[in-house]
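Protein chains: 2
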Amino acid sequence: SVSPAPDEPTDHHPSDTIINLDHGDPTMYESYWKVVGQKYTSITIPGFQSLSYFANKKNLCWFLEPKLEEEIKRLHKMVGNAIVENRHIVVGTGSSQLILAALYALSDPLNEPNPISVVSAAPYYSSYPEMTDFLRSGLFKWSGDARCFNKEGPYIEMVTYPNNPDGVIREPVVNRANGMLVHDLAYYWPQYTAITSPADHDIILFTVSKCTGHAGSRIGWALVRNENIARKMVKFIEVNTIGVSKEAQLRAANILETISLSCQRHKPRDLENFFECSQRLMAERWKKLREAVDNNELFYVPKFPIQFCNFTRDFTETYPAFAWLKCKEGMDCEKLLRGHKILTRSGRRFGSGAEYVRISMLSRDEEFDLFLQRLSAVGGDNN
Amino acid sequence: SVSPAPDEPTDHHPSDTIINLDHGDPTMYESYWKVVGQKYTSITIPGFQSLSYFANKKNLCWFLEPKLEEEIKRLHKMVGNAIVENRHIVVGTGSSQLILAALYALSDPLNEPNPISVVSAAPYYSSYPEMTDFLRSGLFKWSGDARCFNKEGPYIEMVTYPNNPDGVIREPVVNRANGMLVHDLAYYWPQYTAITSPADHDIILFTVSKCTGHAGSRIGWALVRNENIARKMVKFIEVNTIGVSKEAQLRAANILETISLSCQRHKPRDLENFFECSQRLMAERWKKLREAVDNNELFYVPKFPIQFCNFTRDFTETYPAFAWLKCKEGMDCEKLLRGHKILTRSGRRFGSGAEYVRISMLSRDEEFDLFLQRLSAVGGDNN
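Going line by line, the protein sequences match chains D and V. The opening position of the first sequence corresponds to residue 122 in our numbering, with each subsequent residue numbered one higher. The opening position of the second sequence corresponds to residue 122 in our numbering, with each subsequent residue numbered one higher.
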């Protein structure tokens, strides 16, 4: 869950300010969009546009802007990270809403007397338990770590790759009959990991927040194989919010279009390739983080295999959007870092131990550098 | 609920096209915004703006754009339809999300073993039952017509004025201890009814969809007296959609600002007073509808008292956004009109009888005129 920082960093007293890396606010991407700026990405919406609830009455997803649908398909085809042919696209108010829509669409038609179990292998995205249970739904219920799941009957497994919080490329772990899968691929983009093949699953979720950095827009989308499931997801969004903001969809379409343009061979000179630029930033940050951690006996971060990326046509490591930092056994890592004015999310929130924390790698440069300075200082105190 | 028309009206074969007045799509307002147009209401959003999840970390509602908050307050103060002093403003993805947020905020802290009853006096907004029950929540449960409610213990009553579907100015009907009220004031604006006093309740919901016509933006807001309730509503929106689209909020702020400007004594000459213009349109449509109904023995529409409006400083009728049309007893009005290619919503959906239908009065001019022609023809067939 997202919760505001008690204080924002200021330029005046950097040593007193609290750095909030608890949530994954993707402000790192501001630098790219400032350069690209006015020329490629401004959109203007006149007052008489998009008054209607409807964007496209002929479409199963009647509130989806045709332009956004087009740009989503174009981007996936170019990046090669998901199959879009013969898939229904459902737009959501961020992928959070689509997770709930998927749970509803999968569980409601079963008419089971008891709620369907929802599981994910630990460490799992910390919001899954809360999203699943906050309304005490009779349709679905959080049932914890997928590796410990042993109930009979239907279940839903959330499969996240690269995984939030730890960056691992995952596969389903339960693998039983009556299993239903929701693939959360928010981070399956070239800046974070090698694109090894186009994802091909029943329900796949993406979000602009993590792809382009536009978290404030609240735009996500699902690629759905089965028409009835897609219809049910649309139904959920209809009852929950009667569709998705048209302004946000139009802007997201414009942003995705710019990214696609930036990846063309004959692109404008002043438009740097978005994924190259973002991957370079991520690689630099991970290099700096590893240096800080290597010089420090207290901490450990996971290593990732090098794989060939079909999009960049080169070998690459995984550079996750979060660092899954581990302290020595028995230490409370979140508490330790909080003492040094670094707010992170405890491993306990992800179904793991207190020796772990999740740290956002997507903050602005100043914050990231200050974080590294302080992390190094923690070692200094304790070694 | 909103569902797309099987066919949209075209200019080519008006006699074959189906007119969909089932949902309240407020396209009537396009004509005003086209005239005001580019000059006052275009907004431009550069690509680097609003990347963050946060709009205002210091605010209880951390995803609320400060500019939108300011314009909401300004408009309410000018119109005089709600007290904003010492109220918390919570923005939502339309008022649908805020209804759910309110139900959650009121029921969750009670820790009751059984779901809290949610009631509203019939005829009630047809979406209340579905919104309340679609996730089979253990927190709240639809319990039907408030006038028949006789259970002990806490309950939530939805109070809607002017009422959707029938335009009546309402008050709570249960009036028992442990009652909690949510006031849905989507239509408490000068184009629909006299503003007789500023609303002053615990939780009041508004939406731009019905105030300005921008239903595609999905922006609503709640005025909340109690801080803990407001925090809980924010929490709901955080878990449900991690906030509300910034683009939609910025545009809504711009639209509300233009409306406020249009009501100033020293307004620009080419900016017609929004509420005067909209009220004139509504009055004309209701006059035409009454003429069509008066010439027809089959149908009846309710009459409304004339009241003094503190905003327009004049006496006015209520001109509801929906016509609550009644057929002769024993007829199925929705079926009858469907036979004449007019889609409406049956009274049964609102907890009333099949002799009633709800008809949107907010369609585009062409559609409204075609509707009146066909309504007159129904009489011709049957008289």
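Note that CB positions come from ideal geometry on N, CA and C, so glycine has one too. The structure displayed is predicted, hence computed values, not measured ones.
query = Closer than 8 Å, CB to CB, is Phe492(D) near chain V or not?
reply = By this cut-off, Phe492(D) is not an interface position.
ask   = Which bits of chain D does Glu292(V) rub up against, with CB to CB less than 8 Å?
value = Within chain D, no residue has its beta carbon less than 8 Å from that of Glu292(V); the closest one is some 27 Å off.
message = Here's the rule: buried if 16 or more other CB atoms are within 10 angstroms of the residue's CB, otherwise exposed. What is Asp146(V)?
response = Result: buried.
key: Under 8 Å from the C-beta of Glu151(D): neighbouring residues of chain V   = Ordered by position in chain V, the residues that pass the 8 Å Cβ test against Glu151(D) are Phe169, Leu172.
Contact check, Gly288(D) vs Thr439(D), beta carbons under 8 Å = Cβ distance < 8 Å, so Gly288(D) and Thr439(D) count as in contact.
request  = Indicate whether at least one CB of chain V lies closer than 8 Å to the CB of His335(D).
outcome  = By this cut-off, His335(D) is an interface position.
task = Run through the stretch 344-399 of chain V for me and flag every whole beta strand (DSSP E) of 3 or more residues, listed as ranges in chain order.
result = Counting only runs of 3 or more, we get nothing.
inquiry  = If you follow the alpha helix (DSSP H) that Cys182(V) is in, where does it begin and where does it stop?
reply    = Per DSSP, Cys182(V) belongs to no alpha helix (DSSP H) and is neither H nor E.
message = For Glu278(V), report the span of its alpha helix (DSSP H) as first-last.
response = Run containing Glu278(V): none in the alpha helix (DSSP H); it sits in the beta strand (DSSP E), 276-281.
key: Chain-ordered neighbours of Ala242(D) on chain V, where CB pairs are closer than 9 Å   = Result: empty, since nearest Cβ-Cβ is about 22 Å, beyond 9 Å.
query = Are the Cβ atoms of Glu476(D) and Glu450(D) separated by less than 8 Å?
reply = For Glu476(D) and Glu450(D), yes; Cβs fall inside 8 Å.
ask   = Are the C-beta atoms of Glu348(D) and some chain V residue less than 8 Å apart?
value = Judged by the 8 Å Cβ criterion, Glu348(D) is not in contact with chain V.
ask   = Asn431(V) CB to nearest chain A CB: under 8 Å?
value = Given the protein chain composition of this structure (D and V), no chain A is represented.
task = Going by DSSP, name the residue or residues bridged to Val240(D).
result = DSSP, once it has assigned bridges, lists Glu278(D) as partnering Val240(D).
ask   = What is the residue span of the beta strand (DSSP E) that Val212(V) lies within?
value = Residue range 209-214 is occupied by the beta strand (DSSP E) that includes Val212(V).
inquiry  = Let me make sure I understand the geometry here. Which of Glu186(V), Gly334(V), Arg479(V), Val205(V) has the alpha-carbon closest to that of Lys194(V)?
reply    = Of the residues Glu186(V), Gly334(V), Arg479(V), Val205(V), the one whose Cα lies closest to the Cα of Lys194(V) is Val205(V).
ask   = Taking C-beta to C-beta, are Phe105(D) and Ser247(D) nearer than 8 Å?
value = Not covered by the structure: residue 105(D). The range shown for chain D is 122 to 504.
key: 8 Å contact criterion, which Ala101(V) and Ile340(V) should meet: CB distance rounded   = This structure does not reach residue 101(V), given that chain V is present from 122 up to 504, and the question cannot be answered.
query = Is it a yes or a no for the stretch 361-378 of chain V touching the stretch 177-191 of chain V, going by three-plus beta-carbon pairs under 8 Å?
reply = Yes, since at least three Cβ pairs between the stretch 361-378 of chain V and the stretch 177-191 of chain V fall closer than 8 Å, the two stretches touch.
task = Would you be able to state if there are at least three C-beta pairs under 8 Å between the stretch 474-491 of chain D and the stretch 445-465 of chain D?
result = Taking one beta carbon from each stretch, the stretch 445-465 of chain D and the stretch 474-491 of chain D have 3 or more pairs nearer than 8 Å; the two touch.
ask   = Name the DSSP beta bridge partners of Ile316(D), please?
value = DSSP, once it has assigned bridges, lists no residue as partnering Ile316(D).
message = Buried or exposed, going by whether 16 or more other CB atoms sit within 10 Å of the CB of Phe489(D)?
response = Buried, since its Cβ has 16 or more Cβ neighbours within 10 Å.
task = Return the CA-CA distance between Phe327(D) and Glu397(V), expressed in angstroms with no decimal places.
result = Taking the straight line joining both Cα atoms gives about 45 Å.
task = Tell me, please, whether the CB atom of Ser497(V) is closer than 8 Å to any CB atom in chain D?
result = With 8 Å as the cut-off, Ser497(V) does not count as an interface residue toward chain D.
Thr465(V) at chain D interface by Cβ criterion, 8 Å = No - not a single Cβ of chain D is within 8 Å of the one on Thr465(V).
ask   = Tell me the DSSP bridge mates of Leu464(V)?
value = Bridge partners of Leu464(V): Asn141(V).
ask   = Where does Val295(V) fall in DSSP's three states?
value = Note: Val295(V) maps to coil in three-state DSSP.
request  = With 8 Å as the threshold, decide whether the Cβ of Gly215(V) is near any Cβ in chain D.
outcome  = Judged by the 8 Å Cβ criterion, Gly215(V) is in contact with chain D.
request  = Output, in chain order, the set of chain D residues within a Cβ distance shorter than 7 Å of Phe255(V).
outcome  = Within chain D, the residues near Phe255(V) are Val360.
request  = If I'm right that Tyr245(V) touches Met279(V) with Cβ under 8 Å, what's the distance once you round it to whole angstroms?
outcome  = Their Cβ separation, rounded to whole angstroms, is 7 Å, which keeps Tyr245(V) and Met279(V) in contact under 8 Å.
ask   = When we look at the beta-carbon of Gly566(D) and count the other beta-carbons within 10 Å, is it buried (16 or more) or exposed?
value = Residue numbering for chain D in the displayed model covers 122 to 504; residue 566(D) lies beyond these limits and cannot be assessed.
query = Quick one: any contact between the stretch 253-261 of chain V and the stretch 389-406 of chain V, if contact means 3 or more CB pairs under 8 Å?
reply = By the Cβ rule, the stretch 253-261 of chain V does not count as touching the stretch 389-406 of chain V, because fewer than three pairs are nearer than 8 Å.
task = Could you round the C-beta distance between Leu142(V) and Phe492(V) to whole angstroms and report it? I think they count as a contact, below 8 Å.
result = In this structure Leu142(V) is in contact with Phe492(V), their Cβ atoms being roughly 6 Å apart against a cut-off of 8 Å.
query = Cα separation between Leu224(D) and Ile277(D)?
reply = Computed Cα separation, rounded: 8 Å.
inquiry  = Output needed for Leu227(D): all residues of its chain with C-beta closer than 6 Å, excluding positions within five of it in sequence on either side, in chain order.
reply    = Excluding five sequence positions before and after Leu227(D), the CB atoms of its chain that fall closer than 6 Å to its own CB belong to Ile277, Met301, given in chain order.
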